[in-house]
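Going by the numbering used here, the sequence shown opens with residue 9, and the numbers climb by one from there. We treat Cβ as the ideally placed atom computed from N, Cα and C, and that holds for glycine. Data block below; observations after.
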Amino acid sequence: MTTKTVRHIMGYFFLIIGLVHLTRFLLRWDASIAGWSIPLWVSIVITLFAGSCAYESLRKRKEVRYVCTGGCNGVSLKPGMCQSEGCIKKGKALEECRV
Ligand SMILES: [Zn+2]
Numbered sequence: 009m010t011t012k013t014v015r016h017i018m019g020y021f022f023l024i025i026g027l028v029h030l031t032r033f034l035l036r037w038d039a040s041i042a043g044w045s046i047p048l049w050v051s052i053v054i055t056l057f058a059g060s061c062a063y064e065s066l067r068k069r070k071e072v073r074y075v076c077t078g079g080c081n082g083v084s085l086k087p088g089m090c091q092s093e094g095c096i097k098k099g100k101a102l103e104e105c106r107v
């Protein structure tokens with residue numbers, strides 16, 4: 009399973025959790041765990057947290073990185089050339105990587 013697939017699954021998982029808690033808040037559903045009644049404000053906190061996690065996961069799945077395949081493990085967010093001393097691909101273009 010690739011990182012992109014995991015981010016995709018986690019993004020939609022958090023989106024569903026956030027939507028369930030938003031729905032609970034809007035419809036004023038009662039919820040309890042072992043007799044303890046969960047206040048509605050907890051659902052707002054969970055909605056905001058799950059929403060931000062979903063946004064980050066779904067945003068990062070489209071992120072492109074540029075890597076050197078010459079053995080220096082060079083990674084960049086922008087296209088460019090390898091600049092590592094001793095790398096067999098120094099001065100050659102980094103390769104696009106969508107993981
Ligand atoms: Zn390199």
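Residue range of the alpha helix (DSSP H) that includes residue i
i: residue 73; result: Here residue 73 belongs to no alpha helix (DSSP H); instead the beta strand (DSSP E) covers 73-75.
i: residue 18; result: 11-35
Three-state class that DSSP yields for residue i in the structure shown
i: residue 5; result: Here the chain comprises residues numbered 9 to 107, so residue 5 is not present and cannot be evaluated.
i: residue 65; result: helix
i: residue 44; result: strand
Ligand 1 heavy atom lying under 6 Å from the CB of residue i
i: residue 82; result: yes
i: residue 105; result: no
i: residue 97; result: yes
i: residue 94; result: no
i: residue 78; result: yes
Expected contact under 8 Å - CB spacing of residue i and residue j to nearest Å
i: residue 25; j: residue 52; result: That pair is no contact at about 13 Å.
Where the beta strand (DSSP E) containing residue i begins and where it ends
i: residue 90; result: Careful: residue 90 lies outside any beta strand (DSSP E) and carries neither H nor E.
Contacts around residue i, its chain only, beta-carbon distance under 6 Å, and the 5 residues preceding and following it disregarded
i: residue 38; result: none
Same chain, Cβ closer than 7 Å to residue i, five either side skipped, listed in chain order
i: residue 97; result: 76, 77, 78 and 90
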